[in-house]
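To start, the structure itself, in C-alpha cells.
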Amino acid sequence: MMIWTRQQHLPDEEPNKHNADAYAAPQLLAGASEDGQYIYDAVYVASAGCFLLTALKLNTEWGFIEQERRCKPTTRQALLAETALLEHDPEHWLAQSDHNE
Numbered sequence: 029m030m031i032w033t034r035q036q037h038l039p040d041e042e043p044n045k046h047n048a049d050a051y052a053a054p055q056l057l058a059g060a061s062e063d064g065q066y067i068y069d070a071v072y073v074a075s076a077g078c079f080l081l082t083a084l085k086l087n088t089e090w091g092f093i094e095q096e097r098r099c100k101p102t103t104r105q106a107l108l109a110e111t112a113l114l115e116h117d118p119e120h121w122l123a124q125s126d127h128n129e
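Letter by letter, the sequence shown follows residues 29 to 129 of our numbering.
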C-alpha cells in the first residue's frame with residue numbers, strides 16, 4: 029500500500045456564499061506519494077461551479093511529467109471520492125479519461 033502525505037484546507041460544507049473566501053484558497057487539497065512519483069492538488073473554480081483536481085505522475089530520475097489528468101468534480105463529496113480513488117491506485121486513476129473536461 030502506498031503511503032501519502034496530504035494537506036487539506038477543505039471547508040466542512042459545500043461551497044456557498046458564506047464560505048466563498050475559504051473556497052478561494054489556492055490549494056484546498058494537496059498530496060504526494062512517499063516516493064514523490066505522484067502528486068495532486070485541488071482548487072475550487074467558482075466561475076465554473078466545480079473543483080479542479082489535477083494529478084501528475086513524475087519521472088523522479090529526470091524530473092519531468094510522465095502523465096497528467098484533470099477532473100472536475102462538482103461536489104465536495106465527489107472531490108473526496110476522486111481523491112480516495114487516486115490515492116488507492118494512482119496508475120489506474122491516471123489512465124482513466126474524463127468526459128466532463
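Heads up, the beta-carbon is just placed ideally off N, CA and C, and yes, glycines get one too.
Contact belief for residue i with residue j at Cβ below 8 Å, rounded distance in angstroms
i, j, result
"K85", "L38", "Going by Cβ atoms, the distance from K85 to L38 rounds to 23 Å, so no, they are not a contact pair."
"E110", "P101", "5 Å"
"L57", "D40", "With a Cβ gap of about 14 Å, L57 and D40 do not count as contacting."
"A74", "Y51", "7 Å"
"P43", "Y66", "That belief does not hold up - the Cβ atoms of P43 and Y66 are roughly 26 Å apart, past 8 Å."
Residue interval of the alpha helix (DSSP H) (run including residue i)
i, result
"D117", "Here D117 belongs to no alpha helix (DSSP H), and DSSP marks it neither H nor E."
"A48", "A48 to Y51"
Extent of the continuous beta strand (DSSP E) to which residue i belongs
i, result
"D63", "Segment: none, D63 is in no beta strand (DSSP E) and carries neither H nor E."
"Q36", "W32 to Q36"
"K2", "One cannot answer for residue 2 here, as it falls past the ends of the chain, which runs 29 to 129."
"E89", "Careful: E89 lies outside any beta strand (DSSP E) and carries neither H nor E."
Burial state of residue i (16 or more Cβ within 10 Å)
i, result
"R34", "exposed"
"E129", "The predicted position of E129 is uncertain, since its pLDDT is 49 and thus under 50; no value can be drawn from it."
"A83", "buried"
"G59", "buried"
"H46", "exposed"
"P54", "exposed"
"E115", "buried"
Residue i and residue j closer than 8 Å at C-beta
i, j, result
"R104", "L81", "no"
"I93", "E62", "no"
"F79", "L107", "yes"
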